[in-house]
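One line per chain: the protein sequences are Y and E, in this order. For what it's worth, the numbering used here labels the leading residue of the first sequence as 257, then goes sequentially. For what it's worth, the numbering used here labels the leading residue of the second sequence as 18, then goes sequentially. Each residue gets a CB set at the ideal place from its N, CA and C atoms; glycine is no exception. Beneath this line is the structure, given in structure tokens, with notes to follow.
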Amino acid sequence: MTNRTVLVLVDPATEVRSSVLELLTIGRGLGRVEAVTVESPTVEVLAQLGAYGVETVHQAEIAPAALGSVGGEAARHLPVVVAAALATAVRRTDADVVLAPATFGAKEAAALAAHALGAGLIIDAAAVGEDDDGRIVTGKRVFAGAWDTRCAVTADVAVLTVRSNAVVPQPAQAAVATDVEGLTVELPGTRGVVVESRDVKDRPVGRPTLEEAAVVVAGGRGTEGDFGPVEEFADAVGAAVGATRDAVFEGWFDRYVGQTGVTVAPRLYVGAGISGAPHHRGGMQASQVIVAVNSDPEAPIFEICDFAVVGQLADVLPQAAAAIRAHRES
Amino acid sequence: MRIVVAVKYVPDINAERRFVDARVDRSPDVGTLNELDENAIEAALRLVEALPDDEREGSEVVAVTVAPAEGDVALRKSFQMGVHRAVRVSDVALAGSDYFGTAAALAAAVRRLGAEAPVDLVVTGMAALDGLGSVVPALLGAELDLPVLTLAKKIALDHAGDAATLRITRETDEATETLSAPLPAVLSVADTANRPRFPDFKLIMAARTKQIEQWTAADLGLDAAAVGTAGARTEALSAEPRPARAEVELVVDKGEGGNALADFLIRNELV
């Protein structure tokens, strides 16, 4: 059944993230793919969407007065607003599938849209396909990567959030021209929620983001607060940097990998000075290749590794970084 | 002030977690209170403890779970932390509920509690550690038609006359946000919001004999066709354990550990 209409959430619309490119790639495998935004996409974004086969962008138009009462522009990205845009776009296009990334905000928006539509909801699929009856079937890795589950959507509309690194992004065979169509969205009301302030975080400069990176290097208690070797090694391999929840509680770093932090499933994960507590493993155990460096030979993380070094971070990581830099220059 | 805390009975993440017939194994020997719900209970108790004396009198924190009988483990733990009352919603009709069925059942329980006396706040953890969906709080808000503030890291309650405003700060993937909403509302609490208290001996002893109320789907006026497997819009097809990883290649650093690491990454074309 390739005559489906698949809507992909593109939010923000000021840049196309690799997670969105993956969703577009998955979407093209399921049917005709269109995009939904809650703000005006930039020219660069439109060009990228065109390269991935998107002919139509449905841009939500929300009355400024409606937004004004709940905090103005800052409220534009609230899950209830994004959900209203998605649900309206599904009704207008008679779409069969909605794909959204696996951020907390997108999950909430997906859930609320599915609630409004009576759609089936899958959170954090790692694989998306269909069965012989044309039902959407998803694969998911659960219990810290220890089990694979499969689930079918039995409702007419499927709303899915999809993990990063589920597929390798592939542009369409031929780029298409992309049109933006206005989508009048009635704000359902936020039931009194007001956005009092919203400070957008800087994206890491010169490094991929944790959610989307193909390589992740994380530091734990064993760094003793010195992330210098971790960052040096990460930059040598082109990785995103994260930490454990403990390290964030200590104030050593700002973002953590774990089942309540960022869940990652990169091609390569390197844990530095990380013991491998269940909380952390729940956020990284689905990674394809797992490497650990730890001075404690009894660290539980060694049980789930492909390769491990027992040693001091300050010795091992800079030496490895230098060897990799030398290899890249050769 | 009346606060309902929605809690979940989940397999202990420190135990071996498994599926039976594509459903999560919820045997009592491996189950516990979802750890992230302790943050929700802690937040609820602190909100009540911060009230002036006259308002704190008569305040109530009620733990509610949708679970089979094993779910009492989670409610006993909730009593140990200091909740005043516990309700378990149990019904074979609820087995196999998807996110929407679970939210509908919890919402119905909140409505029933609200029919006794007004409920000011519904508090949840940020996720359940078995499914990690994080969407039930938003769905509870939709079901109850209440404002929803999720993933709160800082929580403050401002009283101005009769009106109370809940204000939270949260860290999303994109931004740091301050949001507010009038009560009644739904609140989900991040694991960074607080450090849950340890139960004291007196409460542990008292929790043993406290009564857990049991409600059925019919008690709550739930349509059996709209919840459980019958109402679910997704179908679990299979659950298979992943094959164990190959034996780890372990190098002890004697001066060449970093080079060995680089070599492993290069020969596997990972850099």
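Asked, Found
"Contact under 8 Å by Cβ, His-536/Y with Thr-500/Y", "yes"
"Residues that Arg-187/E bridges to, as DSSP identifies them", "Glu-194/E"
"Neighbour list for Tyr-116/E in chain Y, Cβ cutoff strictly below 9 Å", "Ala-367, Ala-370, His-371, Leu-377 and Ile-379"
"Neighbour flag for Pro-556/Y against chain E, beta carbons, 8 Å", "no"
"Residue range of the unbroken beta strand (DSSP E) whose run includes His-176/E", "171-177"
"Cα-Cα separation between Glu-160/E and Ala-469/Y, rounded to whole angstroms", "36 Å"
"The segment 167-184 of chain E in contact with the segment 204-220 of chain E per 3-pair CB rule at 8 Å", "yes"
"Nearest residue (CA-CA) to Glu-487/Y, options Val-354/Y, Ser-420/Y and Arg-463/Y", "Arg-463/Y"
"Whole-angstrom distance between Arg-102/E and Phe-218/E, CA atom to CA atom", "18 Å"
"Beta-carbon proximity check, Met-143/E vs Leu-68/E, cutoff 8 Å", "no"
"Extent of the continuous alpha helix (DSSP H) run through Tyr-308/Y", "Unbroken run through Tyr-308/Y: none, as it is neither H nor E."
"Burial state of Met-98/E, where buried means 16 or more other Cβ atoms lie within 10 Å", "buried"
"Complete beta strand (DSSP E) runs within the segment 72-130 of chain E (minimum length 3 residues, chain order)", "77-83 and 102-106"
"Cβ-Cβ distance between Thr-246/E and Glu-364/Y below 8 Å", "no"
"Inter-residue spacing [alpha-carbon to alpha-carbon] between Ala-383/Y and Ile-392/Y", "11 Å"
"Ala-202/E to Ile-185/E span [Cα, whole Å]", "12 Å"
"Partner residues on chain Y for Thr-195/E, Cβ-Cβ distance less than 7 Å", "Glu-452 and Ser-453"
"Close beta carbons around Thr-233/E, own chain, < 6 Å, minus the five adjacent residues each side", "Asp-108"
"Alpha-carbon spacing of Leu-368/Y relative to Arg-288/Y, whole angstroms", "24 Å"
"Cβ-Cβ distance between Gly-529/Y and Gly-476/Y below 8 Å", "yes"
"Sheet register partners of Ser-453/Y (DSSP bridge)", "Thr-195/E"
"Buried or exposed by the 16-neighbour rule on C-beta atoms within 10 Å, applied to Arg-34/E", "buried"
"Chain E residues whose Cβ lies nearer than 8 Å to that of Ala-564/Y", "Val-265, Glu-266, Leu-267 and Val-268"
"Sufficient close CB pairs (3 or more, under 8 Å) joining the segment 110-121 of chain E to the segment 130-139 of chain E", "no"
"CB of Pro-297/Y within 8 Å of CB of Val-436/Y, strictly", "yes"
"Other residues of its chain near Arg-511/Y: CB distance less than 8 Å, five sequence neighbours each side excluded", "Leu-466, Gly-498, Ala-499, Val-504, Gly-517 and Val-518"
"Distance, Val-106/E Cα to Arg-128/E Cα", "13 Å"
"Alpha-carbon spacing of Thr-82/E relative to Thr-405/Y, whole angstroms", "25 Å"
"Between the CA atoms of Glu-506/Y and Pro-154/E - distance to the nearest angstrom", "29 Å"
"CB contact flag (Val-218/Y, Val-294/Y, <8 Å)", "This structure cannot settle anything about residue 218/Y, because the visible part of chain Y is limited to 257 through 586."
"Residues that Trp-403/Y bridges to, as DSSP identifies them", "Val-398/Y and Pro-258/E"
"Coarse secondary structure for Gly-361/Y, derived from DSSP in three states", "helix"
"Beta-carbon proximity of Val-572/Y to Met-540/Y, cut-off 8 Å", "no"
"Proximal residues, the segment 453-471 of chain Y versus chain E, C-beta separation under 8 Å", "Ser-453, Arg-454, Asp-455, Val-456, Lys-457, Glu-467 and Val-471"
"Rounded straight-line distance, which links the Cα of Ala-223/E to that of Glu-59/E", "18 Å"
"Residue interval of the beta strand (DSSP E) (run including Arg-347/Y)", "Not the beta strand (DSSP E): Arg-347/Y falls in the alpha helix (DSSP H), residues 335-349."
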